[in-house]
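When you line the sequence shown up against mature numbering (1 follows the signal peptide of the UniProt record, and there is no 0), it's residues -23 to -1, 1 to 397, in that order. Heads up, the beta-carbon is just placed ideally off N, CA and C, and yes, glycines get one too. All figures in this text were calculated on a predicted structure; none of them were measured in a lab. Scroll down for the structure; my scribbles are underneath it.
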Amino acid sequence: MKIDRGLAVVLGGVLAAAACAPAAGTGAGAGPRITVPVPSVTCASGPLTSFAQADSAASSMALVGTMADSAQGAAYASALAQARRAVEAQPGNAYAQYLAGQAALGTRDYAASAAYLARAEQLCPELGVYDIDRLQTAGAGNAFNTATGLLQAGDTTAAITSLQTAIAMDPNAYAAEFYLGLISFQRQNTGEAVTRWRRVLQLLETMPADTSAAENQQREDVRGNVVNAMVLAGVQYLQREQNEPAIPLLQELTRTVPNSADAWYHLALAQYNLERWNELVASGQRAVEVAPLSYGAWVLYYNAYAGQAQAASEANQTARANELSRQATQVRTRSESLPVRIEGLSIDTGDEATAITGTAVGTGRTAPVTVEFTLYGVTGTLGTGQVTITPPANGQRAPFNLSIANTRPITGYSYRVVGQ
């Protein structure tokens, strides 16, 4: 078991001394007295000193590492009670707060640990670099793990408290922020979810580089999950007919992932809903470029011109209305010549590969169509794969699927026709 830095000396000289100490005689007590030195830190703004109640708590925690795992919970609880008495005796002594924070961490009372450690660092900022920063990071990780267990058990309220505690202990706890965003999303608090996820991206951008390949991979995966989640947040806005906040969010995402078929389609849909025909021209065009067999995208692109044509006609701008109608007709003609239509796409990234499933809708054509899908992540292209679709009868539907060798979170996809 890893011992906190403030107690590390116990494993060196103190436990060795205890092991070599003579047995206590009758009435001598439960065993040898263990003295734990105060952290070797000079506090500029407050006391960090030993006193009786604090020494008792420190000694109790020093012994925890020598106990069986099954006994450590009760031992930490006893040490916490002693440390709390020390805090009551000298609330302005950073040592008492520091010990209480460690003991609370041992009992898994992460909220209490966060409060005690924060107070200790407030009283003696030098303790932060010495040990509190490390303790808080460890406590945040433990609080996060507790939260995920609570979520799996269906106790969302308690999970939120644990996630908030993780962030209080470690402001860089980006995974906790991400999960709080997920909970907000599930509760239809879309704006709060987006705020949380933007915070995650900010943290990932500003955190110093890590030498651990696993940590760097996790950061990349979280970034990918966040971008994907924010696209879903845009969709959630649209489902509630909240087009105004959806548009800037989806515009941001099309800049972040310029090849995301979902982001472009839903941006175009929001602009269509608000009759922003001029803006819809560019979005609709891009939507059909990244998903050329999406009939829904073609309909939106068509309406970009048809909507402007109607507005021009109502304003007696005959020449402009005629030109826009001509452009709308061109788009409609192209949409009606699709060799097959694709709808209902679902993309699922698993432990071994990414599975793509969808539905092909017949348009009257019979020649097989080969479609190439491309998956994108935060660092670029993640993989490509092709599927040959035999069009069903006109108006009929048939499923198709393919698998792409990728296990990383995707931020978007596009596809193109490569053979027909």
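Quick check: what's the CA-CA separation for GLY201 versus ASN280?
32 angstroms
In whole angstroms, what separates the C-alpha of PRO9 from that of SER37?
In this predicted model, PRO9 has a pLDDT of only 43, less than 50, meaning its place in the structure is not dependable enough to derive any value.
Please identify the residue among LEU104, LEU352, GLN216 whose C-alpha is closest to the C-alpha of residue 458.
The requested residue 458 does not occur in the structure, where the chain is confined to residues -23 to 397.
In terms of residues, what are the limits of the alpha helix (DSSP H) holding ILE109?
Counting along the chain, ILE109 falls outside any alpha helix (DSSP H), and DSSP gives it neither H nor E.
At 4 residues or longer, what runs of the alpha helix (DSSP H) sit wholly inside the segment 100 to 166?
Those alpha helix (DSSP H) runs which fall completely within the segment 100 to 166 and span 4+ residues are 110 to 129, 133 to 146, 151 to 163.
Where DSSP assigns a beta bridge to ILE366, which residues make up the other side?
VAL346
I'd like the list of long-range same chain contacts for ALA88, defined as Cβ closer than 6 angstroms, with 5 residues on each side in sequence excluded.
Result list for ALA88: THR142, in chain order.
Do you know how far the Cα of ASN193 is from the Cα of THR384?
16 angstroms
Are the beta-carbon atoms belonging to ALA31 and TYR72 less than 8 angstroms from one another?
yes
So, GLY335 versus GLY372, is the Cβ gap smaller than 8 angstroms?
no
Quick check on PRO9: does DSSP put it in helix, strand or coil?
Note that PRO9 has pLDDT 43, beneath the 50 cutoff, so the model's placement of it is unreliable and the number below is only indicative. Coil at PRO9, not helix or strand.
In whole angstroms, give me the CA-to-CA distance for GLY105 and GLU98.
The C-alpha of GLY105 lies about 6 angstroms from the C-alpha of GLU98.
Starting from residue 429, follow its DSSP beta bridges and name the residues at the other end.
Given a span of -23 to 397 for the chain in the structure shown, any question on residue 429 remains unanswerable.
Assign GLU154 to buried or exposed, taking buried as 16 or more other Cβ atoms, counted over all protein chains shown, within 10 Å of its Cβ.
buried
Quick one: residues in its chain with C-beta nearer than 7 angstroms to the C-beta of GLN74, no 5 flanking neighbours on either side, listed in chain order?
Excluding residues within five positions, the ones whose Cβ falls inside 7 angstroms are VAL64, TYR93, ARG96, ALA97, LEU100.
Using the Cβ count rule (16 or more neighbours within 10 Å means buried), how would you classify SER314?
exposed
With 16 as the cutoff for other CB atoms within 10 Å, does SER260 come out buried or exposed?
When all chains shown are included, SER260 counts as buried.
Which same chain residues end up closer than 6 angstroms to ALA135 when comparing Cβ atoms and leaving out the 5 residues on each side of it in sequence?
LEU127
My parser needs the alpha helix (DSSP H) runs of 4 or more residues fully inside the segment 215 to 290; what are they?
220 to 233, 238 to 250, 254 to 267
Comparing C-alpha positions only, which one of THR26, ILE137, GLN213, ASN122 sits nearest to GLY168?
GLN213
Which word fits PRO(-2), buried or exposed, when buried means at least 16 other C-beta atoms lie within 10 angstroms of its C-beta?
In this prediction, PRO(-2) scores a pLDDT of 31, lower than 50, which makes its location untrustworthy; the coordinate-derived value is nonetheless stated afterwards. Classification for PRO(-2): exposed.
Do three or more CB pairs link the segment 113 to 128 to the segment 145 to 161 at distances below 8 angstroms?
yes
Do you know how far the Cα of GLN285 is from the Cα of GLN294?
11 angstroms
How should VAL395 be labelled, buried or exposed, when 16 other C-beta atoms within 10 angstroms of its C-beta is the threshold for buried?
exposed
So what does DSSP say about ALA52, is it helix, strand or coil?
DSSP places ALA52 in helix when its eight states are reduced to three.
Between the C-alpha atoms of ARG393 and MET184, what's the straight-line distance to the nearest angstrom?
37 angstroms
So does the segment 324 to 331 actually touch the segment 245 to 265, counting three or more Cβ pairs closer than 8 angstroms?
no
What residues are listed by DSSP as bridge partners for ASP325?
ALA332
Just to confirm my understanding: we take GLU252, look at its own chain, exclude 5 residues before and 5 after, and list those with CB closer than 8 angstroms. What are they?
GLY284
To the nearest angstrom, how far is it from the Cα of ALA(-6) to the Cα of THR43?
Here ALA(-6) scores only 30 on pLDDT, less than 50, and its place in the model should not be relied on; the value that follows carries that caveat. Straight-line Cα distance between these residues: approximately 11 angstroms.
Per DSSP, LEU178 is paired with what?
In DSSP, LEU178 forms no bridge with anything.
By the three-class DSSP mapping on this structure, what secondary structure does GLY23 have?
coil
Once the 5 residues before and after SER22 are set aside, which same chain residues still bring their CB inside 8 angstroms of it?
LEU100, CYS101, PRO102
SER47: buried (16+ other C-beta within 10 angstroms of its C-beta) or exposed?
exposed
Going along the chain, which residues of its own chain have a beta-carbon closer than 6 angstroms to the beta-carbon of VAL177, five neighbours each way excluded?
TYR151, GLU154, PHE155, VAL203
Starting from VAL308 and walking both ways along the alpha helix (DSSP H), at which residues does that stretch end?
Note, VAL308: alpha helix (DSSP H), 295 to 313.
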